[in-house]
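Enquirer: I'd like to ask you about the structure that follows.
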Amino acid sequence: MAREKAEAERRCPRSRDAYARADHLFGRVPMTWMNKTAGPFPRYLDSARGARVTDIDGHEYIDFCLGDTGAMAGHSPAPVAEAVQRRFAGLGGATAMLPTEDAEWVGAELTRRFGPTRWSFSLTATDANRWAIRLARAVTGRPKILVNSYSYHGSVDESLIVV
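328 is the number that the numbering used here gives to position 156 of the sequence shown; each next residue is one higher, with no gaps.
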């Protein structure tokens, strides 16, 4: 492990230095789950396009996680970027805080593709976790929730145990 740590520090000095300077952040990263890395510090990214990301040290990587599915179509693919731009231009933003007709047809399409007849949308993984925990408690009648904390899929403050 010492050899791997030394190699990471040699290959990624800018990421190492950025991490060292970030003492004003909890865990030295914007979100503490970002510290769940195999090395002594996370790689700091400079850019992302398609399925590739480039760190601030100039190393290019294939992003098999695709932003933990927030970018499941890749990073800034042209069709998605164009659709987002159309949406912002036409609606004036990502959300108007009231329903639009898009919610209905998206719900119908999700039902067609996957089967469940009722859907709810959330903006974050944390919100999705809250919905799932509420639903699990309502269905089972059990108050305790066990959460596997092996990887990040939003926070789970409503859980009683995190392992």
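C-beta: ideal position from N, C-alpha, C; glycine also.
Just so we're clear, the structure is a prediction, and the values are computed from it rather than from any experiment.
1. Do you know how far the Cα of A250 is from the Cα of M244?
2. Among the candidates F260, V201, H231 and T283, whose CA atom is the shortest distance from the CA of R183?
3. For S187, count the other beta carbons within 10 Å of its own beta carbon; 16 or more makes it buried, fewer makes it exposed. Which is it?
4. Spell out the partners DSSP gives A255 in its beta bridges.
5. Below 8 Å between beta carbons: does that hold for V201 and P214?
6. Select from G262, D195, Y191 and M206 the residue whose C-alpha is nearest the C-alpha of S327.
7. Pull the bridge partners of A371 from the DSSP assignment, please.
8. What is the rounded straight-line gap between the Cα of I234 and the Cα of K177?
9. Any chance the CB of V311 is under 7 Å from a heavy atom of the ligand GTP?
Expert: From the atom records:
1. Rounded to the nearest angstrom, the two C-alpha atoms are 14 Å apart.
2. Distance check between R183 and each of F260, V201, H231 and T283 places H231 closest, using alpha-carbon atoms only.
3. When all chains shown are included, S187 counts as buried.
4. DSSP lists no beta-bridge partner residue for A255.
5. Taking 8 Å as the Cβ cut-off, V201 and P214 qualify as a contacting pair.
6. Looking from the CA of S327, the closest CA among G262, D195, Y191 and M206 belongs to M206.
7. Residue coverage of the chain in this structure runs from 173 to 335, which leaves residue 371 outside it and unanswerable.
8. Cα to Cα, I234 sits roughly 21 Å from K177.
9. As presented, the structure is devoid of all ligands, the ligand GTP included, so that no description of it is given.
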